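Numbering (this note's numbering), first residue to last: 62 to 437.
Built from N, CA and C at the ideal position, the CB exists for glycine as well.
All values reported here derive from a predicted model rather than from experimental measurement.
Report on one structure; see the data block that follows.
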Ligand code: COA
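Quick look at the structure:
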């Protein structure tokens, strides 16, 4: 394959909301909601007509997930026990949508890092879990805001959206249909999380990432060869979202559970870990790579214990933070953006020839592998 049709990652971009919520702050608010709910229904609880809600705990959250904090778009709304959702994110149709706005910021960061002029970009793929609307595509709005002459579309493969987007962009380059493609993952997970559900109220955070996938012949000197990609999906109802409340304006809505994120966390853990570990090992051997040939892996950021198990099966030993970095402590689960944040923040120190893997997994089930090699 000539360098004209060889896909590489030229740069990545990141936008992080300034506001962050610690586990202690989150649990205090959740437990205030629980106390108010139980007081309001005290008579029915005593008569066993209503079940008392259980409090959450900081210790549980950290032990079960590795999460210590999360960035969010609206801290006050999420933490107010009477509201417990982000507010005021909906805008009139003649203004830039909030999802497009944060996507643009991540794209601008990626473009600046690559020294790329928007006139050279051909396409924008908005690849994320938590889309704000059905159409027009958020990708086209981002394309317009950036001033890109080309095409864009949205794609949603839940937590694997970014890796599926990278393979799609790489295929455009392999086929000669584009030379420079932005894969942007704006994730306002806080608009889809049930902040009143003890089992999952702690897991998500908001962020936006972008990956600039380009043809090697136009890429900046410092880039990452894409040496192989592999995607997989297997249907499961164990992680599901029937749409979210990003567009709702009535903060009194309390019966949203069916329209928000739900999961069977234990089943997800048990079923996804072996599926992903087997997929990575199979792909590594196809590329002639063994555990010792891998310098670093940037795994999907959902759960520290899941990542420990997967990384152990890739390297053949307990992986260090250097081999398998995590950003869960500060970002929590940012859906499709997680492995890209890990890569963005932990890749500058690698040397030419070093092999790495960006790997995502999540609802669908879906899993994606992008094998990369550093080019100096
Ligand atoms: N505070 C305190 N205790 C809690 C709690 C909370 N917020 N939430 C649940 N618990 C309790 C449960 O009631 C249960 O108690 P019991 O043993 O007395 O019944 C106990 O803690 C264990 O609950 P469980 O749900 O089995 O926890 P877990 O160890 O499986 O951790 C997850 C939960 C969600 C962190 C974990 O399963 C996970 O991350 N799974 C993978 C999820 C994933 O990757 N999803 C992808 C999303 S895109």
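Residue from the options with nearest C-alpha to residue i
| i | options | result |
| --- | --- | --- |
| residue 206 | 115, 91, 231 and 167 | 167 |
| residue 190 | 135, 304 and 69 | 304 |
| residue 429 | 224, 117 and 244 | 224 |
| residue 140 | 251, 343, 398 and 352 | 251 |
| residue 257 | 161, 208 and 87 | 87 |
| residue 69 | 373, 96, 234 and 385 | 234 |
| residue 117 | 90, 268 and 67 | 90 |
| residue 174 | 75, 218, 127 and 411 | 75 |
| residue 254 | 345, 165 and 146 | 146 |
| residue 239 | 137, 340 and 65 | 65 |
| residue 142 | 165, 106, 236 and 96 | 96 |
| residue 427 | 364, 148, 343 and 220 | 220 |
| residue 409 | 125, 394 and 436 | 436 |
| residue 94 | 114, 276, 108 and 321 | 114 |
| residue 155 | 197, 327, 423 and 108 | 197 |
| residue 112 | 119, 102 and 277 | 102 |
| residue 292 | 343, 321, 285 and 278 | 343 |
| residue 328 | 380, 276, 120 and 423 | 423 |
CB contact flag (residue i, residue j, <8 Å)
| i | j | result |
| --- | --- | --- |
| residue 294 | residue 431 | no |
| residue 297 | residue 425 | yes |
| residue 130 | residue 84 | yes |
| residue 186 | residue 229 | yes |
| residue 245 | residue 274 | no |
| residue 263 | residue 122 | yes |
| residue 385 | residue 419 | no |
| residue 216 | residue 208 | no |
| residue 82 | residue 390 | no |
| residue 333 | residue 132 | no |
| residue 199 | residue 161 | yes |
| residue 337 | residue 352 | no |
| residue 433 | residue 406 | no |
| residue 283 | residue 126 | no |
| residue 169 | residue 261 | no |
| residue 164 | residue 184 | no |
8 Å Cβ cutoff, residue i in contact with chain D
| i | result |
| --- | --- |
| residue 194 | In the structure shown, chain D does not exist; there is a single protein chain. |
Alpha carbon of residue i to alpha carbon of residue j, nearest angstrom
| i | j | result |
| --- | --- | --- |
| residue 438 | residue 302 | The question about residue 438 has no answer here: the residues shown for the chain are numbered 62 through 437. |
| residue 354 | residue 415 | 8 Å |
| residue 287 | residue 135 | 37 Å |
| residue 188 | residue 271 | 9 Å |
| residue 35 | residue 280 | Limits of the chain in this structure are 62 at one end and 437 at the other, which puts residue 35 out of reach. |
| residue 43 | residue 248 | With the chain running from 62 to 437 in the structure shown, residue 43 is simply not present. |
| residue 79 | residue 158 | 19 Å |
| residue 72 | residue 356 | 19 Å |
| residue 201 | residue 195 | 12 Å |
| residue 403 | residue 370 | 17 Å |
| residue 421 | residue 397 | 7 Å |
| residue 77 | residue 67 | 31 Å |
| residue 300 | residue 411 | 35 Å |
| residue 203 | residue 211 | 12 Å |
| residue 236 | residue 335 | 33 Å |
| residue 361 | residue 368 | 8 Å |
| residue 138 | residue 150 | 11 Å |
| residue 345 | residue 417 | 10 Å |
| residue 182 | residue 152 | 28 Å |
| residue 394 | residue 222 | 14 Å |
| residue 99 | residue 106 | 7 Å |
| residue 340 | residue 348 | 13 Å |
| residue 378 | residue 172 | 37 Å |
Contact test: residue i Cβ vs the ligand ADP heavy atom, cutoff 7 Å
| i | result |
| --- | --- |
| residue 432 | In the structure shown, the ligand ADP is absent; the only ligands present are the ligand COA. |
Those residues, in chain order, that have a beta-carbon closer than 5 Å to some heavy atom of the ligand COA: The set of residues with any CB-heavy atom separation to the ligand COA below 5 Å comprises, in chain order, 117, 118, 121, 125, 126, 220, 259, 260, 326, 327, 329, 330, 363, 364 and 423.
- request: Give, in chain order, every unbroken run of the alpha helix (DSSP H) that is at least 4 residues long and sits entirely within the region 133 to 203.
  value: With a minimum length of 4 residues, the continuous alpha helix (DSSP H) runs that stay inside the region 133 to 203 are 136 to 140 and 159 to 175.
field: Secondary structure, beta strand (DSSP E): runs of 3+ residues fully inside the region 213 to 258
entry: Those beta strand (DSSP E) runs which fall completely within the region 213 to 258 and span 3+ residues are 241 to 248.
message: Report the start-end ranges of each alpha helix (DSSP H) in the region 361 to 405 that is 4 residues or longer and not cut off at the edges.
response: Fully enclosed alpha helix (DSSP H) runs of 4 or longer: 365 to 376 and 389 to 392.
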